[in-house]
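**Q**
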Amino acid sequence: MRTNLIAFTVVALVGLGDTIASPPASASDCESPVVIRLSEAWLSSQLAESIDEVEPVRTVVLGTQVRGEARTSGEVTVDVQPSDECGKLVIKLVGRTKAITRGFNGPAVIDTTSWTDFEGTVDVTIDPDRGLIAKQPTVVGTTRSRTDAVSSRRRALSRVIKSIAARQADTNRPITDRITLDQTLTRISSRFSTQVSTELEAINRSFDLDELIPSPLLSLLGDRPHVCSSDDAVLIHFSKQGSGRPDLPSGMTGSTAELWIHQSLIQRRMNLAGSTLAKVGGAIALFARTQLPTADGVLSLLGNQVKGFKRIQRQSEWTVIHLDPAG
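Going by our numbering, the sequence shown opens with residue 12, and the numbers climb by one from there.
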């Protein structure tokens, strides 16, 4: 969903004034009247893509030409970290690589199976200007292996060759396991980094904050959005009071992204609806020469024109718009 459509929704609701709700005159102003909430479950649905792939193995270990294939499988999870200074989350990949290989060293042929258990993490911060920014992944793990068979490509002295090769494989196992571990973790780190970068870029395209709120409305909210995070959501909010964490009602669950608008913003509309709507592409034809629509009209408009719109609900003093921004 394009963010200018989200902006359109915000402006429409601000313009509605008392037609969408009639809050009491004593309703207190909210320091952060517009909040975008990205739940941990929604972020997981965008970032937690499991890995299951088979790759060829072509390498040299201690002079032995190694050929075979490796299957890597892993599960990705997302954990939002509380922070009042910026949005923080950790993306974690836990899995295993199983490699079945054949090594050639002179006349000796050595069949080996190895297992590498690994855990990778990527720290992500959310900046209001740059979006979601990932650090380089950290991947750690352990490798164990076994020799499945030793054979010889020569009939002469075959028994001697196999005996020497088997003994050498056992002697070198700690070293070869270490080399296998390093090569596997390097490959996984590159793969994990590429996957995370691709997914974060997709989210950043959905949330271009420069286009999120039209400038007339931003003058009411504050010059710059602020980002923070709780233990289950990232919060992007607009406030003249600076950073901090908005106080939203509890109880929101599900794999959703939401746009929260406090009733105090709707209540003190300051007769800016007309000039604000004129800033939104396509809105002039709908609103320039007509009365502002009813709440039902806005719902109909959202359902027909806003891609990814799910539903609107009231939550305490807030209007909550459920969205699918990446839809």
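Where is the CB? At the ideal position from N, CA and C, for every residue including glycine.
Quantities reported herein were computed from a predicted structural model and do not represent experimental measurements.
Would you call the region 74-85 and the region 111-131 touching, i.e. three or more CB-CB distances under 8 Å?
**A** A contact exists between the region 74-85 and the region 111-131.
**Q** Report the CB separation of A89 from I102 in whole angstroms; it is logged as a contact under 8 Å.
**A** The sequence given here has Val at residue 89, not Ala. Confirmed, about 6 Å.
**Q** Kindly confirm or deny that the region 193-205 and the region 41-51 touch, where touching means at least three C-beta pairs closer than 8 Å.
**A** Too few Cβ pairs lie closer than 8 Å, so no.
**Q** Go through its chain and collect everything with a Cβ distance to L260's Cβ below 6 Å, but skip five positions before and after it.
**A** According to the sequence as given, residue 260 is Pro; it is not Leu. Correct list, in chain order: Q326 and S327.
**Q** Please check the pair C41 and H273, which I expect to be a contact at CB under 8 Å, by giving their CB distance rounded to whole angstroms.
**A** So it is a contact: roughly 4 Å between Cβ atoms.
**Q** With a Cβ-Cβ cutoff of 7 Å, do S275 and P44 count as a contact?
**A** Yes. Within cutoff.
**Q** Under a Cβ-count criterion, where at least 16 other Cβ atoms within 10 Å of its own Cβ denotes burial, should P339 be classed as buried or exposed?
**A** With the chain represented from 12 up to 338, any question about residue 339 goes unanswered, as that position is not in the structure.
**Q** Buried or exposed, going by whether 16 or more other CB atoms sit within 10 Å of the CB of L334?
**A** Buried, because 16 or more other Cβ atoms sit within 10 Å of the Cβ of L334.
**Q** Looking at the structure shown, is L73 part of a helix, part of a strand, or coil, going by DSSP?
**A** It is coil, neither helix nor strand.
**Q** For T153 and L192, I'd like the C-alpha separation in whole angstroms.
**A** Roughly 7 Å between the two C-alpha positions.
**Q** How about V245 and G98: are their beta carbons less than 7 Å apart?
**A** Taking 7 Å as the Cβ cut-off, V245 and G98 qualify as a contacting pair.
**Q** For the alpha helix (DSSP H) containing D193, list its first residue and its last residue.
**A** Its alpha helix (DSSP H) spans residues S169 to S217.
**Q** Strictly by DSSP, which residues pair up with T132?
**A** Partner(s): K103 and T149.
**Q** Candidates A268, D258 and T267: which alpha carbon is nearest W329's?
**A** Nearest of A268, D258 and T267 to W329, Cα basis: D258.
**Q** Along the chain, where does the beta strand (DSSP E) containing L246 start, and where does it finish?
**A** Its beta strand (DSSP E) spans residues A244 to F249.
**Q** Rank F115, I323 and L211 by C-alpha distance to the C-alpha of L100 and give the top, closest one.
**A** L100 has its Cα closest to that of L211, out of F115, I323 and L211.
**Q** Since I believe T108 is in contact with T9 (beta carbons under 8 Å), could you give me their beta-carbon distance rounded to a whole number of angstroms?
**A** Beyond the ends of the chain as shown, which are 12 and 338, falls residue 9; an answer cannot be given.
**Q** Is it buried or exposed for A119, if we count other Cβ within 10 angstroms and need 16 for buried?
**A** Classification for A119: buried.
**Q** For L276, does the three-state DSSP call read helix, strand or coil?
**A** Three-state result, L276: helix.
**Q** E96 to I137, Cα distance in whole Å?
**A** Spanning the two alpha carbons is a distance of roughly 10 Å.
**Q** Starting from L49, trace the beta strand (DSSP E) in both directions and tell me its first and last residue.
**A** V45 to S50 is the span of the beta strand (DSSP E), which, as asked, contains L49.
**Q** Taking Cβ to Cβ, would you say V77 is nearer than 7 Å to T124?
**A** Cβ atoms of V77 and T124: not closer than 7 Å.
**Q** Would you tell me roughly how many angstroms separate the C-alpha atoms of Q324 and D243, rounded to the nearest one?
**A** Rounded to whole angstroms, Q324 to D243 spans 20 Å at the Cα level.
**Q** Could you tell me whether the Cβ atoms of I172 and S163 are closer together than 7 Å?
**A** Contact flag set, yes.
**Q** Could you give the first and the last residue of the continuous beta strand (DSSP E) run that contains L394?
**A** Only positions 12 to 338 of the chain appear in this structure, which leaves residue 394 out of reach.
**Q** For W126 versus R155, is the C-beta distance shorter than 7 Å?
**A** Yes, Cβ-Cβ distance for W126 and R155 is below 7 Å.
**Q** Would T182 be called buried (16 or more neighbouring beta carbons within 10 Å of its own) or exposed?
**A** So T182 counts as exposed.
**Q** Report the residue from L143, D63 and E66 whose alpha carbon sits nearest the alpha carbon of S217.
**A** Closest by alpha carbon: L143.
**Q** Which residue comes first and which comes last in the beta strand (DSSP E) that contains C239?
**A** Per DSSP, C239 belongs to the beta strand (DSSP E) from P236 to S240.
**Q** Rank L104, R69 and V68 by C-alpha distance to the C-alpha of L58 and give the top, closest one.
**A** The option with the nearest alpha carbon to L58 is L104.
**Q** Excluding five sequence neighbours on each side, which residues of the same chain lie with their C-beta closer than 6 Å to the C-beta of R322?
**A** Only H333 meet the Cβ criterion.
**Q** Sort out for me which residues DSSP pairs T83 with in a bridge.
**A** DSSP lists E64 and T108 as partners of T83.
**Q** In this structure, what does DSSP give as the bridge partners for T88?
**A** Note: T88 sits in a beta bridge opposite K103.
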